[in-house]
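For the protein sequence lines, the chains are W and R, in the order given. So the first sequence is residues 115 to 605, counted in the working numbering. So the second sequence is residues 115 to 605, counted in the working numbering.
There are 2 protein chains.
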Amino acid sequence: MSSTPILPAVEAACVAAEAAFDTYRATSREARAAFLERIGDEIMAIGADLIETASRESGLPTARLEGERGRTVGQLKLFASVVRAGLWMGVRIDPALPERTPLPRPDLRLRMIPLGPVAVFGASNFPLAFSTAGGDTASALAAGCPVVVKGHPAHPATGELVAAAIRRAVAACGMPEGVFGHVTGAGNDVGVALVQDPRITAVGFTGSRGGGLALAKLVQSRPVPIPIYAEMSSINPVLLMPAALAARGAALGTAFAQSVTMGVGQFCTNPGLLIAIESEGLEAFVQSASAALTGAAAGQMLTQGIHDAYDKGAEALAGSADVETLARGLEGDRSDFGRAAFFSTTAEAFLANPALGHEVFGPSSILVRCKDEAELKAVIAGAEGQLTATLHMDDGDEALAEAVLPLLERKVGRILVNGWPTGVEVTHAMVHGGPFPATSDARTTSVGTLAIDRFLRPVSYQNFGQALLPPELRDGAADVPKLIDGKPSLG
Amino acid sequence: MSSTPILPAVEAACVAAEAAFDTYRATSREARAAFLERIGDEIMAIGADLIETASRESGLPTARLEGERGRTVGQLKLFASVVRAGLWMGVRIDPALPERTPLPRPDLRLRMIPLGPVAVFGASNFPLAFSTAGGDTASALAAGCPVVVKGHPAHPATGELVAAAIRRAVAACGMPEGVFGHVTGAGNDVGVALVQDPRITAVGFTGSRGGGLALAKLVQSRPVPIPIYAEMSSINPVLLMPAALAARGAALGTAFAQSVTMGVGQFCTNPGLLIAIESEGLEAFVQSASAALTGAAAGQMLTQGIHDAYDKGAEALAGSADVETLARGLEGDRSDFGRAAFFSTTAEAFLANPALGHEVFGPSSILVRCKDEAELKAVIAGAEGQLTATLHMDDGDEALAEAVLPLLERKVGRILVNGWPTGVEVTHAMVHGGPFPATSDARTTSVGTLAIDRFLRPVSYQNFGQALLPPELRDGAADVPKLIDGKPSLG
Numbered sequence: 115m116s117s118t119p120i121l122p123a124v125e126a127a128c129v130a131a132e133a134a135f136d137t138y139r140a141t142s143r144e145a146r147a148a149f150l151e152r153i154g155d156e157i158m159a160i161g162a163d164l165i166e167t168a169s170r171e172s173g174l175p176t177a178r179l180e181g182e183r184g185r186t187v188g189q190l191k192l193f194a195s196v197v198r199a200g201l202w203m204g205v206r207i208d209p210a211l212p213e214r215t216p217l218p219r220p221d222l223r224l225r226m227i228p229l230g231p232v233a234v235f236g237a238s239n240f241p242l243a244f245s246t247a248g249g250d251t252a253s254a255l256a257a258g259c260p261v262v263v264k265g266h267p268a269h270p271a272t273g274e275l276v277a278a279a280i281r282r283a284v285a286a287c288g289m290p291e292g293v294f295g296h297v298t299g300a301g302n303d304v305g306v307a308l309v310q311d312p313r314i315t316a317v318g319f320t321g322s323r324g325g326g327l328a329l330a331k332l333v334q335s336r337p338v339p340i341p342i343y344a345e346m347s348s349i350n351p352v353l354l355m356p357a358a359l360a361a362r363g364a365a366l367g368t369a370f371a372q373s374v375t376m377g378v379g380q381f382c383t384n385p386g387l388l389i390a391i392e393s394e395g396l397e398a399f400v401q402s403a404s405a406a407l408t409g410a411a412a413g414q415m416l417t418q419g420i421h422d423a424y425d426k427g428a429e430a431l432a433g434s435a436d437v438e439t440l441a442r443g444l445e446g447d448r449s450d451f452g453r454a455a456f457f458s459t460t461a462e463a464f465l466a467n468p469a470l471g472h473e474v475f476g477p478s479s480i481l482v483r484c485k486d487e488a489e490l491k492a493v494i495a496g497a498e499g500q501l502t503a504t505l506h507m508d509d510g511d512e513a514l515a516e517a518v519l520p521l522l523e524r525k526v527g528r529i530l531v532n533g534w535p536t537g538v539e540v541t542h543a544m545v546h547g548g549p550f551p552a553t554s555d556a557r558t559t560s561v562g563t564l565a566i567d568r569f570l571r572p573v574s575y576q577n578f579g580q581a582l583l584p585p586e587l588r589d590g591a592a593d594v595p596k597l598i599d600g601k602p603s604l605g
Numbered sequence: 115m116s117s118t119p120i121l122p123a124v125e126a127a128c129v130a131a132e133a134a135f136d137t138y139r140a141t142s143r144e145a146r147a148a149f150l151e152r153i154g155d156e157i158m159a160i161g162a163d164l165i166e167t168a169s170r171e172s173g174l175p176t177a178r179l180e181g182e183r184g185r186t187v188g189q190l191k192l193f194a195s196v197v198r199a200g201l202w203m204g205v206r207i208d209p210a211l212p213e214r215t216p217l218p219r220p221d222l223r224l225r226m227i228p229l230g231p232v233a234v235f236g237a238s239n240f241p242l243a244f245s246t247a248g249g250d251t252a253s254a255l256a257a258g259c260p261v262v263v264k265g266h267p268a269h270p271a272t273g274e275l276v277a278a279a280i281r282r283a284v285a286a287c288g289m290p291e292g293v294f295g296h297v298t299g300a301g302n303d304v305g306v307a308l309v310q311d312p313r314i315t316a317v318g319f320t321g322s323r324g325g326g327l328a329l330a331k332l333v334q335s336r337p338v339p340i341p342i343y344a345e346m347s348s349i350n351p352v353l354l355m356p357a358a359l360a361a362r363g364a365a366l367g368t369a370f371a372q373s374v375t376m377g378v379g380q381f382c383t384n385p386g387l388l389i390a391i392e393s394e395g396l397e398a399f400v401q402s403a404s405a406a407l408t409g410a411a412a413g414q415m416l417t418q419g420i421h422d423a424y425d426k427g428a429e430a431l432a433g434s435a436d437v438e439t440l441a442r443g444l445e446g447d448r449s450d451f452g453r454a455a456f457f458s459t460t461a462e463a464f465l466a467n468p469a470l471g472h473e474v475f476g477p478s479s480i481l482v483r484c485k486d487e488a489e490l491k492a493v494i495a496g497a498e499g500q501l502t503a504t505l506h507m508d509d510g511d512e513a514l515a516e517a518v519l520p521l522l523e524r525k526v527g528r529i530l531v532n533g534w535p536t537g538v539e540v541t542h543a544m545v546h547g548g549p550f551p552a553t554s555d556a557r558t559t560s561v562g563t564l565a566i567d568r569f570l571r572p573v574s575y576q577n578f579g580q581a582l583l584p585p586e587l588r589d590g591a592a593d594v595p596k597l598i599d600g601k602p603s604l605g
């Protein structure tokens, strides 16, 4: 047992975050943007030690982690540009109408303000980009919210290296110390205390469905409930359309095998569900995918626990009466190596047994064979909410694609044509979110610049004198986009 | 007992709403805008019968109801203009970067889509503007969501007249019938069944804290939880600042008495809490307010139940050891007439006893006397979330106003200077919302054009061919504002 009490550490971090909030949210957009950029610079300045530590703790290869570091730093810089541009402030000005009858209209001005201190729970599978200084932290800091990160126990040293980099940026930029806090601990106590602390005003989480639902329950039963953004579970349906299968079934099978095993399948956007109508092209797909997966090497998974849960999930599918095992990858050398798994079932069985549609986190996927378009539509309509859906289509598939698009829009946050869902761009038009249980709140995204909106709320100022107004709401403040009497203006 | 089973009626309305959804959301912006305008026209076409019925059921005077009808119809027309302008679609386009290394960037395009069928619970105190065709209904229909209204049992005939007007607009505009449903019943069964129906995707509610919290619990424990926007409870602190009190304490007292008794105090934005530092000006305020309120006539409240709850709340305050009764208005002629109540207490007592800060829905207000600025700030910091806060200030109050503004921003959705919080403009920069328990979701507003965002969520389209893209996302579709590679463009 540690002699340091952990819960007082949580409370201290939250107290400091609350104390820092008003100072931090009052910083200029330029100062806040420079702070985000400095965090990126400090992360780069750690150098090879960060990559080596993360690789040792996660088992992920260094090339992948170098890419992830680039993504993390790029994300911070993108949010810096967002902070500078100021669209997130959502400025709206309705000038007074003193002559209006029967009553004059008052002067009304609106801006978005940050919610307050935010708790962030990083993911095991992205020790950099979805963790200590990941998308949740970057977007919350961009919004003007102090952040308290619950360090992930799967990569504690990586987390501490990044936390120290953020603390250096805080000091270098003269930000109040409490703007960033980092609390750790292997059990649930730390996280439970964190989301229940009355100073915390929102929660960002990336992880398992069980973990996300447990946190959601906790925040909803607080005396003052708060928003939670939990990104939880998705099997990312891929629709293989008839013309595409006829034209290139075998090639699609090979590409699929590559996608499902990438990173040992440990992506929220892994293609875990294939849906197709029986055809010769589908058989060609199955043959080439099975061949590729049968020869696929096993890979080290992030933790032994993740491996064991994966193995159990794959075994359960393999043992299901309605499921055929099409392929298993090569055995691994170690107990934490995951082998690919490729299953198939019928639409009827899939619709009758919801367990077949649950996420198996790792390199596993199940093909649902449909007799016709009606069954294919029924499978889509019966699926749970997802982060993504993918259409593989060719000339001749347009009518079916148009018919299923409205169904897919209701189920997912992102729809791809002729690609694979892994690989999530950090950009303005990205949605990494989706209906429950993909996330706990489909109205948002956890990747991309729209993520900043999660940590903001509107305040309206009525009949304020110019001096008392926030700078961006004053007359002639032309540096942010705004709505004036409902008409968009660029600045 | 009624021979008509009510729960099948709820299910039928939800099934019809779900069936109508895809057709309705695919209507053109122009068609949807014309539909909203037609609803307004049909409401006006009911004529005097609507005003008479609403007055008979609510006890509200006809002039007030005529104003409320104007507001209701104006609100529908404002949302029609919002639908046409298209900013709500939140279009974002990130063009492909095929030459990017190491990997090309795909083409990504984002738009907001409606959530699906929405359940609306209208308020007792606004039988038109916050009811059947009120702000929740107008904003949900504008977003592209079918609506199922739970008619308020306090004004059933009014609700049915408006529902019939909406149905006529549905027919006249060729909209699918299920776009609007209306279910009724005096008990809780109808509302419970409605928010638990799996086809309902969001809930709008205006009413009591108890009712809102009960509904929130129900929606959060659904197999698929959904957003709820419950506007519940607020006592709308009014800060009387030293210089303002010194300059015009007596005049402020008279104005306050008028505001707190307007509509027999039955507004969410009623000024139920006054906060001030002891001074001669404050005594002048108390004297003039007390004199005005002592002579104030009682008024008919919306229902006997609302009256009885008001009486109980006012009696509880009057009987509290730490509370002084400054004034009571004249007795009423009938058992459902409410008399004004004006209380005072100390900052110390207010901070020690949270019950003194609970809403007493009706013409009641409590003055919190503070010894100094520190106590005044402590009272603000200790208050619950509110819809509004008001500053009465004069030359010399600027420093104190600046000091309390950050505190107020964290507590409320709208801050007014030198006005009274009753009277909520339906416009672009309005926020009628605020931190819990004012509402269940501070990230939004239930009045004003920003309310449409409550019923939308983002979807991203990756590498879509032009033909499959929604019209507003196609190349050259210049008719809605958008972000292109992060840069705002007007259309």
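For each residue, glycine too, the CB sits at the ideal point set by N, CA and C. Since the model is a prediction, treat every value here as computed from it, not as a measurement.
Asked: Quick check: the Cα distance between phenylalanine 294 of chain W and leucine 354 of chain W, rounded to an integer number of angstroms?; Found: 46 Å
Asked: Residues of chain W with CB closer than 7 Å to the CB of phenylalanine 578 of chain R, please, in chain order.; Found: Val531
Asked: Ignore the nearest five residues each way along the sequence and tell me which others in valine 538 of chain R's own chain have a CB closer than 7 Å to its CB.; Found: Thr383, Met544, His546 and Val561
Asked: Determine the extent of the alpha helix (DSSP H) in which alanine 365 of chain W is found, giving its start and end residues.; Found: 356-375
Asked: Using a Cβ-Cβ cutoff of less than 8 Å, which residues in the same chain neighbour alanine 279 of chain W once the five nearest sequence positions on both sides are dropped?; Found: Ile153, Glu156, Ile157, Ala159, Ile160 and Ala247
Asked: Does threonine 375 of chain R get closer than 9 Å to chain W when you measure Cβ to Cβ?; Found: no
Asked: Kindly list, in the order they appear in chain W, the residues whose Cβ is closer than 9 Å to that of leucine 602 of chain R.; Found: The residue asked about is misnamed: residue 602 of chain R is proline in this sequence, not leucine. The answer, in chain order, is Ala199, Leu201, Pro595, Pro602, Leu604 and Gly605.
Asked: Measure the C-alpha to C-alpha separation of serine 245 of chain R and arginine 139 of chain R and round it to an integer number of angstroms.; Found: 23 Å
Asked: Under the assumption that alanine 371 of chain R contacts alanine 403 of chain R (Cβ atoms under 8 Å), give the Cβ distance between them as a whole number of angstroms.; Found: 5 Å
Asked: Anything in chain R within Cβ reach of alanine 256 of chain W, meaning under 9 Å, just list it in chain order.; Found: Ordered by position in chain R, no residue passes the 9 Å Cβ test against alanine 256 of chain W, which lies about 13 Å from the chain.
Asked: Using beta-carbon positions only, say whether alanine 624 of chain W and aspartate 511 of chain W come within less than 9 Å of one another.; Found: The question about residue 624 of chain W has no answer here: the residues shown for chain W are numbered 115 through 605.
Asked: Closer than 7 Å by beta-carbon distance: list the chain W residues that pair up with glycine 427 of chain R, in chain order.; Found: Here the premise fails: no neighbours, minimum Cβ distance about 21 Å.
Asked: By how many angstroms is the C-alpha of glutamine 576 of chain R removed from the C-alpha of glycine 249 of chain W?; Found: 20 Å
Asked: Assuming leucine 396 of chain W and valine 352 of chain W make a contact with CB atoms under 8 Å, what is their CB distance in whole Å?; Found: About 12 Å separates the two Cβ atoms, so there is no contact after all.
Asked: Does the CB of isoleucine 207 of chain W have a neighbour CB from chain R at under 9 Å?; Found: yes
Asked: Over what stretch of residues does the beta strand (DSSP E) that includes histidine 421 of chain W continue unbroken?; Found: From DSSP, histidine 421 of chain W is part of no beta strand (DSSP E) but of the alpha helix (DSSP H) over 418-433.
Asked: CB-CB under 6 Å to alanine 134 of chain W, same chain, minus the five flanking residues each way: which ones, in chain order?; Found: Pro260, Pro290, Gly292 and Val293
Asked: Which partner residues does valine 352 of chain W have in the DSSP bridge list?; Found: W:Leu388 and W:Thr504
Asked: Using a Cβ-Cβ cut-off of 9 Å, state whether valine 317 of chain W counts as contacting chain R.; Found: no
Asked: By the 9 Å beta-carbon criterion, what residues does the stretch 545-558 of chain W contribute toward chain R?; Found: Val545, His546, Gly547, Gly548, Pro549, Phe550, Pro551, Ser554, Asp555, Ala556, Arg557 and Thr558
Asked: Do you know offhand how far glutamate 516 of chain R's Cα is from isoleucine 227 of chain W's?; Found: 16 Å
Asked: If you count every other CB in all the chains shown that lies within 10 Å of the CB of glycine 605 of chain W, and 16 or more means buried, which is it?; Found: exposed
Asked: Quick one: list the residues of chain R neighbouring glycine 363 of chain W, beta-carbon separation under 8 Å, in chain order.; Found: Result: empty, since nearest Cβ-Cβ is about 20 Å, beyond 8 Å.
Asked: Output, in sequence order along the chain, the residues in the stretch 206-226 of chain W whose CB is closer than 7 Å to any CB in chain R.; Found: Arg206, Ile207, Asp208, Arg219, Pro220, Leu222, Arg223 and Leu224
Asked: Closer than 6 Å by C-beta to leucine 481 of chain W: which residues in its own chain qualify, once you throw out the five before and the five after it? Chain order, please.; Found: Leu388 and Ser458
Asked: In the DSSP assignment, the alpha helix (DSSP H) including glycine 318 of chain W goes from what residue to what residue?; Found: Looking at the DSSP string, glycine 318 of chain W is not in any alpha helix (DSSP H); the run it does join, the beta strand (DSSP E), is 316-320.
Asked: With a threshold of 8 Å, are at least 3 pairs of Cβ atoms found where one atom belongs to the stretch 232-244 of chain W and the other to the stretch 310-320 of chain W?; Found: yes
Asked: Given a threshold of 16 other Cβ atoms within 10 Å of its Cβ, counted over all protein chains shown, does proline 468 of chain R qualify as buried or as exposed?; Found: exposed
Asked: For methionine 115 of chain W, decide whether its Cβ has a neighbour in chain R, counting only Cβ atoms nearer than 9 Å.; Found: For methionine 115 of chain W, the predicted model reports a pLDDT of 38, less than 50, meaning its position is unreliable and no value from the coordinates is stated.
Asked: Check distances from the C-beta atoms of the stretch 286-303 of chain R to those of chain W and list, in chain order, the residues that come in under 9 Å.; Found: none
Asked: Using 9 Å as the limit for Cβ to Cβ distance, is arginine 571 of chain W near chain R?; Found: yes
Asked: Between alanine 423 of chain W and leucine 416 of chain W, what straight-line distance do the alpha-carbon atoms span, to the nearest angstrom?; Found: 12 Å
Asked: Name the residue from W:Gln418, W:Gly265, W:Ala463 and W:Gly204 whose alpha carbon lies nearest to the alpha carbon of alanine 435 of chain W.; Found: W:Ala463
Asked: Give the DSSP-derived three-state secondary structure of proline 585 of chain R in the structure shown.; Found: helix
Asked: Taking its Cβ as the centre, do 16 or more other Cβ atoms sit within 10 Å of glutamine 580 of chain W, making it buried, or is it exposed?; Found: exposed
Asked: Just to confirm my understanding: we take aspartate 555 of chain R, look at its own chain, exclude 5 residues before and 5 after, and list those with CB closer than 6 Å. What are they?; Found: Tyr343
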